[in-house]
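J.: Submitted below is the structure of interest, expressed as structure tokens.
This is the structure we're talking about:
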């Protein structure tokens, strides 16, 4: 049971990271700030989840990491979405929308 | 990203661990710095900002650990860890590691060599394409056994009538022939006559030139295809050889091709072939009662062996109908072409060697299992602590197994070197009877070595690992240095291992003893003739020049040759025989009837080994004439037929009578062709007849009355010197310049040649048995030393209470005696089974000798006690005070 729950959360985090990378490539810190901003300061990603998730996504081939120079001249690892990652994001979004609308329907009816 | 890329990504940490780790650290540091900057921008002091960032980020090391779990393949990484750990462990006990690797290398090495032999000899497959379509056709009749040759007439009809074969071909007798070239002495070379389709049937095409064609066969062209080796050795690999002519047996043949090297493999042909010549069976198509051809065929695609047999049955019936006299009850039998050329004795010997080397490997494993057991016992506390801290039993077993695997892999790698060396030695040994055979280490052999290494790793690692981790945790943790609760069962196991090792070693010794005894019996048997200073050679005269059976030119040649030989310095006397008991096979049997006795039933007539000889032959061979007279010049063609028989034959058929003057004849009651017995000679045993005590009859006839164009020359010489052989060769060339004497060997050489493989095996067995003996001595030494060490305290107490050195000695030695005794009893039982098995499967080697086995058992006990004496002696030198303090 805990395993399934973790998977659900993990899957959700993966989707959110992909979403954060949708427009352009960004480093780990950028992802965390981006996610916070996009959720209007509600969602704070744990670093202990972020880095393993990045690794997992890279292993899946959905994102690609490469070393670059940040705005204030720091060597940072930038992550970008691959074509497969983009496809995965669309699928995940569609699935999520279906799921959430269904849940909303049920909750709304009760 | 395909699975390949994904796997590659996951495997990266195995090889680039450092880089990945440092990159991860860099990435996290950057992140922290950025967070710090953001905090400063939000108004914190730099120090505050730094700590806040740290707090927000969380535990860096935990994150790294979780990252690693995501990144790599955990079980591989853990195994790598185990391997590193094992290497460290082994480095800490280098003595054990070296001993283990060396004994493993020996064990795996000899097994790999045995496998190479097995793979090369009995398991060897001939290199023909689609071999399941290759068929042999044998002729059989009530008189001729199942696998007879076909007569030329029957072969021609079979070839004309068959529909199931894509191609069918005949191979005549391969005989040594003489090859002469202008200005050079004649050279002896094996000639294999074949019909036109022979190569097509095999599916082999010449490396150069072309095959024989049916058209050429019909026109009786004289053509030859050279073997690759002969082409290289004799013609210097001349690229323009095709089209040249050579003289084979004084007949000009044109060379149409050269065979591919694959046919030079000594396992393909019974003897190295120099040239294949085109044979025309149709030349003798009227001959129907004489089997001359081995027939092979390639089935049409989709035709089964059963269908082929049905057609052969139909053709046989037709031929019986057409030629009722010659083909009465004759049948043809189709059989899958045997892809294995090696004879049964060699096959059995190869398997025997494999079995023996496996036994050696088992001894090696038992020894190492024992050593591992000692090591894991002394590490029992370490395991107990690890398990108490939450390590699973499987994890520790895996750890120990990995250690064994490391050792066995290293041993296997070294074993391949041992095998390479062993194969080289063996190649030199066997070349006597398998000319030029090689034992290469190929992929399969390496695969075998690898598999054996893995198996030995499990074999000597698993049990100690399981036992070591099975101990009661509490007891193990509480234990003082040595006393453990599972000691009793562990000791029992170690003693069982030692007993089995000793038993196996004794079985090996007994096997070696069996062969050595057998060899000595074979070497010292009384042959009935004198094999020292005796030469034997084969002469094959061209029928074109000397005519066929009983042509006077043949006898004339023999007379001239013998005169020439006897005038040669170094030669005492010379004679001619056909065949020769030195080389002949068992098939040269002749059925006979005894005058005045009821005619024997068909198939039940007595048989004799029939030899045609010149009068000087008995003298040259050193065979005693017991009764009557020798042949003389009066016994010639046209004179009354006479025979000389062996003593066994005389006493069997005329017991208590004088056989001289009696008559024997053939089975045809209308025309028995009575032959008078004029003499009785001593029994003889053939040089390649290894069955001791077998009763057989010899029937000698004057060669003047039964002369053929091929025969053996027997020369009694002054010395064994090879110079005499040259003189004999020159003498033959003086009589007939186109002729080379073939198969010229000393009789001693021929006998040891026949025995060479038994020599090789017996030598191998002795070496392996000694290896096994040494290993088991080392094993019992280790166990007794360990037992004595574990009983130090007890011994100390006993000595303090007044036990004498002698009592202590017996205390320790008592163990060894008990183990050696049990091992010997089981070993003797094994040896008995083995001897029975060997006597059944190796009837050629009469080695059964209980006395030798008992002596070897004594040897084993002696060696075991000697090995145990050292630790026992050491125990007596204990100082009781030290012993009591020992913890």
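Residue numbers (the working numbering), protein chains in the order written: chain Z, 2 to 111; chain D, 4 to 890.
Here a beta-carbon is modelled for each residue, glycine too, at the ideal position from N, C-alpha and C.
Quick caveat, the model's predicted, so the values are computed rather than measured.
On the criterion of 16 or more Cβ atoms from any shown chain inside 10 Å, does residue 65 of chain D qualify as buried, or is it exposed?
T.: Within the second chain, the letter at position 62 stands for residue 65 of chain D. With fewer than 16 Cβ atoms within 10 Å of its Cβ, residue 65 of chain D is classed as exposed.
J.: How many angstroms separate the CA atom of residue 893 of chain D from the CA atom of residue 557 of chain D?
T.: Residue 893 of chain D cannot be examined here, being either before or after the span of chain D that is shown, 4 to 890.
J.: Ignoring anything shorter than 3 residues, give me the beta strand (DSSP E) runs that lie fully in the region 642-707 of chain D, in order along the chain.
T.: As far as the region 642-707 of chain D is concerned, its whole beta strand (DSSP E) runs of at least 3 residues are 645-649, 666-668, 678-684, 701-705.
J.: Which ranges does the beta strand (DSSP E) cover as unbroken runs of at least 3 residues, wholly within the region 177-262 of chain D, from first to last along the chain?
T.: Listed in chain order, the complete beta strand (DSSP E) runs (minimum 3 residues) inside the region 177-262 of chain D are 178-183, 190-197, 226-229, 248-251, 254-261.
J.: For residue 610 of chain D, name the three-state secondary structure that DSSP assigns.
T.: Here residue 610 of chain D corresponds to residue number 607 of the second chain, with the count starting at 1. Residue 610 of chain D falls in the strand class under three-state DSSP.
J.: So what does DSSP say about residue 485 of chain D, is it helix, strand or coil?
T.: Along the second chain, one-based indexing puts residue 485 of chain D at 482. Low per-residue confidence applies at residue 485 of chain D: pLDDT is 47, beneath 50, and the placement is therefore not dependable enough to give any value.
J.: For the beta strand (DSSP E) containing residue 40 of chain Z, name the first residue and the last one.
T.: As a working note, residue 40 of chain Z is residue 39 in the first chain. Per DSSP, residue 40 of chain Z belongs to no beta strand (DSSP E) and is neither H nor E.
J.: Beta-carbon within less than 8 angstroms of residue 101 of chain D's beta-carbon, same chain only, minus the 5 sequence neighbours each way: which residues are those?
T.: Here the question's residue 101 of chain D lines up with position 98 in the second chain. Nothing meets the Cβ criterion.
J.: Could you pull the start and end residues of the beta strand (DSSP E) that residue 143 of chain D belongs to?
T.: The residue labelled residue 143 of chain D in the question sits at position 140 within the second chain. It spans 137-143 - the beta strand (DSSP E) in which residue 143 of chain D sits, taken as one unbroken run.
J.: Look at the alpha carbon of residue 540 of chain D and the alpha carbon of residue 430 of chain D, and state the distance between them as a whole number of angstroms.
T.: Reading the second chain from its first residue, position 537 is the one you call residue 540 of chain D. Reading the second chain from its first residue, position 427 is the one you call residue 430 of chain D. The alpha-carbon atoms of residue 540 of chain D and residue 430 of chain D are separated by roughly 26 angstroms.
J.: Grouping DSSP H, G and I as helix and E and B as strand, with all else coil, what is residue 166 of chain D?
T.: As a position in the second chain, residue 166 of chain D is number 163, starting the count at 1. In this structure, residue 166 of chain D counts as coil in the three-state DSSP scheme.
J.: Starting from residue 76 of chain Z, find everything on chain D with Cβ-Cβ shorter than 8 angstroms and list it in chain order.
T.: Against the first chain, residue 76 of chain Z aligns to sequence position 75. Simply 29, 33.
J.: For residue 509 of chain D versus residue 830 of chain D, is the C-beta spacing smaller than 8 angstroms?
T.: Residue mapping note: residue 509 of chain D aligns to position 506 of the second chain, counting from 1. Residue mapping note: residue 830 of chain D aligns to position 827 of the second chain, counting from 1. It is a contact, given that the beta carbons lie within the stated cut-off.
J.: Three Cβ pairs or more, each shorter than 8 angstroms: is that satisfied between the region 55-72 of chain D and the region 35-54 of chain Z?
T.: Verdict: yes, contact present.
J.: Determine, using beta carbons only, whether residue 57 of chain Z comes closer than 8 angstroms to chain D.
T.: Start at 1 with the first residue of the first chain, and residue 57 of chain Z comes out as number 56. Judged by the 8 angstroms Cβ criterion, residue 57 of chain Z is in contact with chain D.
J.: Looking at the strands, I want to know which residues DSSP matches up with residue 76 of chain Z.
T.: Translated into the one-based positions of the first chain, residue 76 of chain Z becomes position 75. Beta-bridge pairing links residue 76 of chain Z to Z:70.
J.: Is the beta carbon of residue 258 of chain D less than 8 angstroms from the beta carbon of residue 249 of chain D?
T.: Along the second chain, one-based indexing puts residue 258 of chain D at 255. Along the second chain, one-based indexing puts residue 249 of chain D at 246. Their beta carbons are under 8 angstroms apart, which means residue 258 of chain D touches residue 249 of chain D by this criterion.
J.: Starting from residue 278 of chain D, follow its DSSP beta bridges and name the residues at the other end.
T.: Start at 1 with the first residue of the second chain, and residue 278 of chain D comes out as number 275. Residue 278 of chain D pairs with D:194, D:229.
J.: By how many angstroms is the C-alpha of residue 272 of chain D removed from the C-alpha of residue 152 of chain D?
T.: Residue numbering aside, residue 152 of chain D sits at position 149 when the second chain is read from its first letter. Residue numbering aside, residue 272 of chain D sits at position 269 when the second chain is read from its first letter. Each residue's Cα considered, the two are about 17 angstroms apart.
J.: Tell me which same chain residues have a C-beta within less than 6 angstroms of the C-beta of residue 338 of chain D, skipping the five on either side of it?
T.: For the purposes of this step, residue 338 of chain D is identified with residue 335 of the second chain, where counting begins at 1. So the list reads 139, once near-sequence residues are dropped.
J.: Along chain Z, in chain order, which residues have C-beta atoms closer than 8 angstroms to that of residue 70 of chain D?
T.: On the second chain, position 67 is the one that residue 70 of chain D refers to. By Cβ distance, chain Z contributes 52, 53, 56.
J.: If you follow the beta strand (DSSP E) that residue 813 of chain D is in, where does it begin and where does it stop?
T.: Working through the second chain from its first residue, we reach residue 813 of chain D at position 810. No beta strand (DSSP E) contains residue 813 of chain D, which is instead part of the alpha helix (DSSP H) from 808-844.
J.: Cβ atoms of residue 553 of chain D and residue 580 of chain D: under 8 angstroms apart, would you say?
T.: As a first step, residue 580 of chain D must be located in the second chain, where it is residue number 577. As a first step, residue 553 of chain D must be located in the second chain, where it is residue number 550. Taking 8 angstroms as the Cβ cut-off, residue 580 of chain D and residue 553 of chain D do not qualify as a contacting pair.
J.: Counting only C-beta atoms, is residue 60 of chain Z closer than 8 angstroms to chain D at any point?
T.: On the first chain, position 59 is the one that residue 60 of chain Z refers to. By this cut-off, residue 60 of chain Z is an interface position.
J.: With distances taken Cα to Cα, identify the nearest neighbour of residue 246 of chain D among D:409, D:601, D:214.
T.: Reading the second chain from its first residue, position 243 is the one you call residue 246 of chain D. With distances taken between Cα atoms, residue 246 of chain D lies closest to D:214.
J.: Pick out the complete beta strand (DSSP E) segments inside the region 504-587 of chain D, 3 residues or longer, and give them in chain order.
T.: The qualifying runs are 537-543, 574-581.
J.: Taking only beta-carbon atoms, is residue 432 of chain D less than 8 angstroms away from chain Z?
T.: Mapped onto the second chain, residue 432 of chain D falls at position 429. Residue 432 of chain D does not count as touching chain Z.
J.: Looking at the unbroken beta strand (DSSP E) that takes in residue 628 of chain D, where does it start and where does it end?
T.: Counting from 1 along the second chain, the entry for residue 628 of chain D is found at position 625. Taken as a continuous stretch (DSSP letters only), the beta strand (DSSP E) holding residue 628 of chain D covers 628-631.
J.: What residues in its chain sit with their C-beta under 7 angstroms from that of residue 774 of chain D, if we drop five residues either side in the sequence?
T.: The count along the second chain starts at 1 and reaches residue 774 of chain D at position 771. The answer, listed in chain order, is 109, 363.
J.: Can you grab the Cα-Cα spacing for the pair residue 23 of chain Z / residue 394 of chain D, in whole Å?
T.: Along the first chain, read from residue 1 onward, the residue named residue 23 of chain Z stands at position 22. Along the second chain, read from residue 1 onward, the residue named residue 394 of chain D stands at position 391. Cα to Cα, residue 23 of chain Z sits roughly 45 angstroms from residue 394 of chain D.
J.: Measure the C-alpha to C-alpha separation of residue 286 of chain D and residue 222 of chain D and round it to an integer number of angstroms.
T.: On the second chain, residue 286 of chain D is found 283 positions in, with the first residue counted as 1. On the second chain, residue 222 of chain D is found 219 positions in, with the first residue counted as 1. C-alpha separation (whole angstroms): 10 angstroms.
J.: Opposite residue 337 of chain D in the DSSP bridges: which residues?
T.: Here residue 337 of chain D refers to the residue found at position 334 of the second chain. In the DSSP output, where bridge partners are listed per residue, residue 337 of chain D has D:140.
J.: What separation, rounded to the nearest whole angstrom, lies between the Cα atoms of residue 613 of chain D and residue 446 of chain D?
T.: As a first step, residue 613 of chain D must be located in the second chain, where it is residue number 610. As a first step, residue 446 of chain D must be located in the second chain, where it is residue number 443. Between residue 613 of chain D and residue 446 of chain D, the C-alpha separation is close to 50 angstroms.
J.: How long is the line joining the alpha carbons of residue 908 of chain D and residue 760 of chain D, rounded to whole angstroms?
T.: With chain D covering 4 to 890 only, the question about residue 908 of chain D has no answer from this structure.
J.: Could you check whether the Cβ of residue 36 of chain D sits closer than 8 angstroms to any Cβ belonging to chain Z?
T.: To locate residue 36 of chain D, count along the second chain from 1; it is residue 33. Output row for residue 36 of chain D: interface = yes.
J.: Should residue 102 of chain Z be flagged as near chain D, meaning a C-beta pair shorter than 8 angstroms?
T.: Numbered from 1 along the first chain, position 101 holds the residue referred to as residue 102 of chain Z. By this cut-off, residue 102 of chain Z is not an interface position.
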